[in-house]
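There are 2 protein chains.
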Amino acid sequence: MKPVPYPTIQRFPLYLEVIKQLQLAGIKTISATDIAQNLGFTNIQVRKDIGYTGIIGKPKIGYNIKELEKVITSFLGWQNTNDAILVGVGALGSALLGYKGFEDYGLNIISGFDVNKKIVGKKIHGKKILHIDDFESQVKLLKVSIGILTVNQSSAQQITDLMVKAGIKGIWNFSSENLKVPDDIVVQRENLSASLALLSVKLSHKFKTKQ
Amino acid sequence: MKPVPYPTIQRFPLYLEVIKQLQLAGIKTISATDIAQNLGFTNIQVRKDIGYTGIIGKPKIGYNIKELEKVITSFLGWQNTNDAILVGVGALGSALLGYKGFEDYGLNIISGFDVNKKIVGKKIHGKKILHIDDFESQVKLLKVSIGILTVNQSSAQQITDLMVKAGIKGIWNFSSENLKVPDDIVVQRENLSASLALLSVKLSHKFKTKQ
DNA sequence: CTTTAATCGATAAATATATATCGTTATAAA
DNA sequence: TTTATAACGATATATATTTATCGATTAAAG
Ligand SMILES: NC(=O)c1ccc[n+]([C@@H]2O[C@H](COP(=O)([O-])OP(=O)(O)OC[C@H]3O[C@@H](n4cnc5c(N)ncnc54)[C@H](O)[C@@H]3O)[C@@H](O)[C@H]2O)c1
Ligand SMILES: NC(=O)c1ccc[n+]([C@@H]2O[C@H](COP(=O)([O-])OP(=O)(O)OC[C@H]3O[C@@H](n4cnc5c(N)ncnc54)[C@H](O)[C@@H]3O)[C@@H](O)[C@H]2O)c1
């Protein structure tokens, strides 16, 4: 099997969003053209992406929308709930802890960890905040494999090491630290600066060429 | 001039991060190899990226670190402060309002806007929260061109329309709505789901192949 | 029943991006 | 001073991704 391109994987959640929306409108079938028009992509690209899931569409009709939702969700591994823990319950960490939207992505944040005595022991959005000293035992006990990292940059590597030691396999890194991890650990950087860089450059380019 | 690839633009902030770190350590020159090793890239890629800035390096030495920082920052348009406003001062919006790190990216969030009477009129992290009814006049008055969108998905398109009407040229969209905008408006989606999709797939792939 | 048009899926071509090669240059060691 | 080497920058190759082409299929219109 040929590997699925990363850009394709990143577009899948966008397709799910369109699917969700059209399903609310009562629509039963959906074509690559429908999705493409909604998102501003080419239908060829969307059709090729969908092809990776193995679903069979009907000419003139498209795909069964329920089935398409299922195969994409399944491809992403979002059909089952994946447990995660979050470290660093500050401004950003609290927002993530309380975000309901993660349910759609099969992500369930069990609890948060911090050092700050003012919040340890409390609940935020119904999630218990525990002390970082209990992190390793809790993760091992609950067999959590995903860690969300929202501590200050200065603590990021240290907490990463702790996560690895506790058995975390995937780290979603919201800090700007370049984390060092063993080969078998996956780090996904949530890179606000990269996104802002694109916005900045596109904007300045527009201003230069337009006027 | 050939356009600079988007992937290159997205890597530039990572290079700045390494530069910042090495500068703290007192280092005066930096090679493409240094940066590459820090980030796990190839030195060829880093050298090519840097080439787009036009900076001249010295064989055996690399680049003057101060100069390299300057040309990358300048390329991104981050040498001057760009004013922005934020709409939707909820959990995520508050976190972004208070985030000091944006200073490094030349981004200055002037104020926040919301409809919630409980927060309108207050200050969050020193930033005034105004009512959305005053949005258009304020934006026109202050000539802000960047808008940060952190409202509920259901209000996202409506606020986008308002931003466009008020003269906003670039929208940083944190909602999962597929925004419709005129051609001359730049929308940058901050796509948590795309990032999570990659993490999910990489993880499941690791588990499948490793064990 | 035949024709038309939309869309699929497979294959091919084009474009974009990453990696490799190579001659040159500047430093530091011999 | 000569030699060895790290790194630059330009060019070439390889890989990845997107876009185009085309025959086949199906539903709907004529
Ligand atoms: N706030 C934002 O909008 C934003 C945007 C982009 C990136 N980030 C990054 O996200 C991270 C968090 O940002 P924030 O604004 O929420 O900061 P914050 O200071 O509000 O939160 C950091 C939290 O981490 C906790 N912490 C620190 N060291 C710890 C440790 N060793 N163990 C456990 N907990 C620890 C602190 O007690 C605090 O609660 C930072 O790395 C920041 O650069 C934040
Ligand atoms: N919280 C997260 O971690 C997170 C993660 C990813 C994406 N998002 C997205 O970011 C957005 C905000 O998320 P949140 O968790 O901060 O939600 P939230 O409910 O805490 O905040 C939304 C804010 O927008 C305000 N608002 C709503 N309609 C408005 C309008 N018409 N004009 C002005 N203000 C308005 C609300 O009063 C509220 O303060 C959502 O679209 C969400 O999907 C959030």
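Residue numbers (this note's numbering), protein chains in the order written: chain A, 9 to 219; chain B, 9 to 219.
Cβ coordinates follow ideal geometry from the N, Cα and C atoms, glycine included.
Query raised in the report: Comparing alpha-carbon positions, which option in B:Trp86, B:Val123, B:Ala92 and B:Ile156 lies nearest B:Gly114?
Result: B:Gly114 has its Cα closest to that of B:Trp86, out of B:Trp86, B:Val123, B:Ala92 and B:Ile156.
Query raised in the report: Would a check of beta-carbon distances place A:Glu77 closer than 8 Å to chain B?
Result: Output row for A:Glu77: interface = no.
Query raised in the report: Within the 8 Å Cβ cut-off, does B:Lys151 reach chain A?
Result: No, its Cβ sits nowhere closer than 8 Å to a Cβ of chain A.
Report task. May I ask you to report which of helix, strand or coil DSSP gives A:Lys218? Result -> Any reading at A:Lys218 must be qualified, since the residue scores a pLDDT of 46, below 50, and its modelled position is unreliable; no value is offered.
Query raised in the report: If you follow the beta strand (DSSP E) that B:Lys136 is part of, which residue opens it and which one closes it?
Result: Bounds of the beta strand (DSSP E) holding B:Lys136 are Lys135 to His139.
**Report entry** Three-state secondary structure (DSSP) of B:Ala92
**Finding:** Assigned with DSSP and collapsed to three states, B:Ala92 falls in strand.
Query raised in the report: Short check: CB of B:Val195 to CB of B:Ile176, under 8 Å?
Result: No, these two residues do not count as a Cβ contact at 8 Å.
Report task. Give a single yes or no on whether A:Ser145 has its beta carbon closer than 7 Å to a heavy atom of ligand 1. Result -> Closer than 7 Å to some heavy atom of ligand 1: that does not describe the Cβ of A:Ser145.
Query - Contact test: A:Ile140 Cβ vs ligand 1 heavy atom, cutoff 7 Å - result: Because some heavy atom of ligand 1 lies under 7 Å away, the Cβ of A:Ile140 counts as near it: yes.
Query raised in the report: Exposed or buried, what is A:Leu149 when buried is set at 16 or more other beta-carbons lying within 10 Å of its beta-carbon?
Result: Answer is exposed; the Cβ neighbour count stays below 16.
**Report entry** Exposed unless 16 or more other CB atoms sit within 10 angstroms - verdict on B:Thr16
**Finding:** Of the other Cβ atoms in all chains shown, 16 or more fall within 10 Å of the Cβ of B:Thr16; this residue is therefore buried.
Report task. Check whether the Cβ atoms of A:Ala140 and A:Asp122 lie closer than 8 Å to each other. Result -> A small fix is needed here, since residue 140 of chain A is Ile in this sequence, not Ala. The answer is yes: Cβ separation under 8 Å.
Report task. Anything in chain A within Cβ reach of B:Asn143, meaning under 9 Å, just list it in chain order. Result -> Sequence inspection shows Phe at residue 143 of chain B; the Asn mentioned does not correspond to that position. Think of a sphere of 9 Å around the beta carbon of B:Phe143: no beta carbon from chain A falls inside it, the nearest being about 20 Å out.
Query raised in the report: Under the criterion of a Cβ to heavy atom distance below 7 Å, does B:Tyr113 qualify as lining ligand 1?
Result: For B:Tyr113, the Cβ stays outside the 7 Å cut-off from all heavy atoms of ligand 1.
Query raised in the report: Which bits of chain A does B:Val194 rub up against, with CB to CB less than 8 Å?
Result: What B:Val194 touches in chain A: Leu207, Lys210, Leu211 and Lys214.
Query raised in the report: Does the beta-carbon of B:Asn46 have 16 or more other beta-carbons within 10 angstroms, so that it is buried, or is it exposed?
Result: B:Asn46 counts as buried, since at least 16 other C-beta atoms from the protein chains shown sit within 10 angstroms of its C-beta.
Query raised in the report: Quick one: which chain A residues come within Cβ less than 7 Å of B:Ile17?
Result: Chain-order list of chain A residues neighbouring B:Ile17: Ala205, Leu206 and Val209, by C-beta distance under 7 Å.
**Report entry** Own chain partners of A:Asn284 with C-beta closer than 8 Å, once the 5 adjacent residues on each side are dropped
**Finding:** This structure cannot speak to residue 284 of chain A, because chain A is shown only from 9 to 219.
Report task. Please find out if some non-hydrogen atom of ligand 1 comes closer than 7 Å to the beta-carbon of A:Leu200. Result -> True, at least one ligand heavy atom lies under 7 Å from that Cβ.
Query raised in the report: So, are the CB atoms of A:Leu200 and B:Gln18 less than 8 Å apart?
Result: At a Cβ-Cβ threshold of 8 Å, A:Leu200 and B:Gln18 do not count as neighbours.
Query - Alpha-carbon to alpha-carbon, B:Lys66 and A:Gln219 - result: Model confidence at A:Gln219 stands at a pLDDT of 43, short of 50, so the residue's coordinates are unreliable; what they give is reported in the following sentence. Cα to Cα, A:Gln219 sits roughly 37 Å from B:Lys66.
Query raised in the report: Where does B:Asp192 fall in DSSP's three states?
Result: Residue state, collapsed to three classes: coil.
Query raised in the report: With a Cβ-Cβ cutoff of 8 Å, do A:Val79 and A:Ile137 count as a contact?
Result: No. Outside cutoff.
Query raised in the report: Ends of the beta strand (DSSP E) at A:Ser162?
Result: Element bounds for A:Ser162: not the beta strand (DSSP E) but the alpha helix (DSSP H), Gln161 to Ala174.
Query raised in the report: When you compare only the Cα positions, how much space is there between A:Asp192 and B:Leu24?
Result: Distance between the alpha carbons of A:Asp192 and B:Leu24: 27 Å.
Query raised in the report: What are the partner residues of B:Asn181, as DSSP defines its beta bridges?
Result: Answer is B:Leu157 and B:Arg197, bridged to B:Asn181.
Query raised in the report: Sorry if obvious, but does the Cβ on B:Thr168 come closer than 7 Å to a heavy atom of ligand 2?
Result: Flag unset: Cβ of B:Thr168 not near ligand 2.
Query raised in the report: Beta carbon of B:Gln87: closer than 7 Å to some heavy atom of ligand 2?
Result: False, no ligand heavy atom lies under 7 Å from that Cβ.
Query raised in the report: Beta carbon of B:Ala92, beta carbon of A:Ala99: below 8 Å?
Result: When the beta-carbon positions are compared, B:Ala92 and A:Ala99 stay at least 8 Å from each other.
**Report entry** Sheet register partners of A:Gly70 (DSSP bridge)
**Finding:** Paired residues: A:Lys66.
Query raised in the report: Which residues in the same chain as B:Ile132 place their Cβ atom closer than 7 Å to its Cβ, once the five residues preceding and following it in sequence are excluded?
Result: For B:Ile132, where only same-chain residues beyond five positions count, the Cβ hits under 7 Å are Val97, Ser102, Leu105, Gly106 and Gly120.
Query - Positions along the region 64–93 of chain A whose CB lies within less than 8 Å of some CB in chain B - result: Answer in chain order: Phe83, Leu84, Gly85, Trp86 and Asn90.
Query raised in the report: Quick one, which residues of the region 32–65 of chain A are near chain B if we go by CB-CB under 9 Å, in chain order?
Result: Within the region 32–65 of chain A, the qualifying residues are Asn46, Leu47 and Gly48.
Query - Contact set between the region 157–179 of chain B and chain A, restricted to residues whose Cβ is under 8 Å from the partner - result: Near chain A, meaning a CB-to-CB distance below 8 Å, the residues of the region 157–179 of chain B are Lys177 and Gly178.
Query raised in the report: Which chain B residues are close to A:Asn186, counting only those with a beta carbon under 9 Å from its beta carbon?
Result: The contacting residues are Leu22, Glu25, Val26, Gln29, Asn46, Leu47 and Gly48.
Report task. Could you tell me the distance, in whole angstroms, from the CA atom of B:Trp180 to the CA atom of B:Asn160? Result -> Each residue's Cα considered, the two are about 14 Å apart.
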